[in-house]
Amino acid sequence: MHGFEAGGAQRRTLTLAGALAARGLEVDLVVAHGQGPLRAELPPAVRLVEVGGRPAALPGLRSSRGTRLAAAIPGLVRYIRGTGPQVLMAAANHATLAAVLAHRRADRPGTALVIRVSNALIGGRNRPQDRLRRWTIRRFYGRADGVVAVSADLAREITELVPDLAPCTRVVPNPVVDENLSSRAARPPSHLWLTDGGAQVALAVGRMEAQKDFATLLRAMALVRRSRPARLLILGDGSERPMLTTLAQELGLGPDVLAMPGFDPNPFPAMARAACFVLSSRWEGMPGALIEAMALGCPVVSTDCPGGSREVLRDGALGPLVPVGNAEALATAVIELLETPPDRPALMARAQDFTVAASAAAYHAALEDAWIRRRAG
């Protein structure tokens, strides 16, 4: 983690840290800077370590979070040498190269390195920056003692890029569903549309960044509105908000149709009450928000993007899968869900495959296996 940024991935990292600590492990959560809206959710049994660092560029790390984490490498090296953890796990894609380089520089044979593939690495793209990323992955990731991929699709991708990692790669589901989900969902929703008895509400949750492709979702909503009354609620924030605001105006999606109130630390009441949940992403890892919506019985539609959506929805048996970037297909799927909701108990049953307890047990086993590999040399 760079810090306690708002987002489902960050929340699941905190959940996993707490669940591993509950299993008796000593867990340090190592971040560049420990500020952000999720700071208060740090589990009490988890020690926070801030390694700091100022922004710097590093080849192969194109995202802003990646460049910030590159500057934290010296502090991470000091942490590894000073604390001597048995296992160092890079919890997300953008942290991996920094962790690999710090682990190499620290030169501590007793610390195993685990890479967690949390999102599509390349996702079939072939832009210049993707070719650089592909080279970086092949050049550096093979040093890992273990790989945890959050979906079978991501496991295939990492082992195709680095075949030597196949023997130590495990598919481990994200820790998504816990015992508090129902009680959090029972709280009053943050937006009045969810209780006012008006037109059905389609819900999306996530950062307003290119990955989530909310622009296609807005275009799809404009098409839905030609056929039936409906409203779209997007919970999240990010750099694309100005663009999305402009696009909404161009599409004629006024405040009676579209609401973008920003990040909501508790999106679960909205998931429990929305008519459907829409994942419009260009790529994913194992989409936690999709699973959370299913756990609460909310009908779901997803793009058939690289990552775990097809896996979660059992090849479309539990919800429509539509081509990435296709507003027409997305609109058709949303209309079908609004008019003919699927079997909600089946959605809820599938979500139970992603419980925090099961995930923590699988992570514990993967970390232990990597440490044994490191000791075996």
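For the sequence shown, this note's numbering begins at 1053 and goes up steadily by one. Where a beta carbon is used, it is the ideal one built from N, C-alpha and C, also for glycine. Every value quoted in this text rests on a predicted model; they were computed, and no experiment measured them.
1) Please confirm whether G1377 and T1268 have their CB atoms less than 8 Å apart.
2) Name the residue from P1307, Q1263 and L1296 whose alpha carbon lies nearest to the alpha carbon of L1270.
3) Would you tell me roughly how many angstroms separate the C-alpha atoms of G1194 and S1333, rounded to the nearest one?
4) Using DSSP's beta-bridge definition, name the partner residues of V1200.
5) Do V1364 and C1328 count as a contact pair if the criterion is CB distance below 8 Å?
6) When you compare the stretch 1215-1225 with the stretch 1194-1205, are there three or more beta-carbon pairs, one atom per stretch, that lie closer than 8 Å?
7) Which one of D1080, A1274, R1156 and M1400 has the shortest CA to CA distance from L1342?
8) With P1394 and L1370 assumed to form a contact (beta carbons below 8 Å), what rounded beta-carbon distance in angstroms separates them?
9) Taking the alpha helix (DSSP H) that M1400 falls in, what are its first and last residues?
10) Between R997 and the rest of its own chain, which residues show a CB-CB distance below 7 Å, the 5 nearest in sequence each way excluded?
11) Going by C-alpha distance, which of D1356, R1362 and A1073 is nearest R1099?
12) For S1235, does the count of other Cβ atoms within 10 angstroms reach 16, so buried, or fall short, so exposed?
13) So, at 7 Å on beta carbons, what are the nonlocal neighbours of G1070 in its own chain, with the 5 sequence-adjacent residues on each side left out?
14) At which residues does the alpha helix (DSSP H) containing M1273 begin and terminate?
15) Using a Cβ-Cβ cut-off of 6 Å (strictly less than) and excluding sequence neighbours within five positions of L1068, which residues of its own chain qualify?
16) Once you ignore the five residues that flank R1064 on each side, which residues in its own chain have a CB closer than 8 Å to its CB?
17) On the DSSP letters alone, give me the boundaries of the beta strand (DSSP E) that T1355 sits inside.
18) How big is the Cα-Cα spacing for A1001 and A1428?
19) May I ask you to verify whether the stretch 1353-1362 touches the stretch 1235-1250, counting CB pairs closer than 8 Å and requiring at least 3?
20) Rounding to the nearest angstrom, what Cα-Cα distance links W1245 and G1162 in this structure?
21) So what does DSSP say about G1349, is it helix, strand or coil?
22) Distance check for E1380 and L1275, CA to CA, integer angstroms please.
23) Mapping DSSP to helix, strand and coil, what is I1286?
24) Between the stretch 1420-1427 and the stretch 1077-1089, can you find at least three pairs of beta-carbon atoms closer than 8 Å?
Once the coordinates are examined:
1) yes
2) L1296
3) If you take the alpha carbons of G1194 and S1333, they lie about 29 Å apart.
4) R1168 and R1222
5) no
6) The stretch 1215-1225 vs the stretch 1194-1205: in contact.
7) M1400
8) The Cβ separation is near 7 Å, so the contact holds.
9) R1396 to A1403
10) Any answer about residue 997 is impossible in this case: the structure gives the chain only from 1053 up to 1429.
11) A1073
12) exposed
13) So the qualifying residues of the chain are P1095, A1097 and V1098.
14) F1266 to S1279
15) P1227
16) Answer for R1064: N1226, P1227, V1228 and G1340, listed in chain order.
17) V1352 to T1355
18) In this structure the chain extends from 1053 to 1429, so residue 1001 is not present and cannot be described.
19) The stretch 1353-1362 makes no contact with the stretch 1235-1250: fewer than 3 CB pairs, one atom from each, lie closer than 8 Å.
20) 55 Å
21) coil
22) 7 Å
23) strand
24) no
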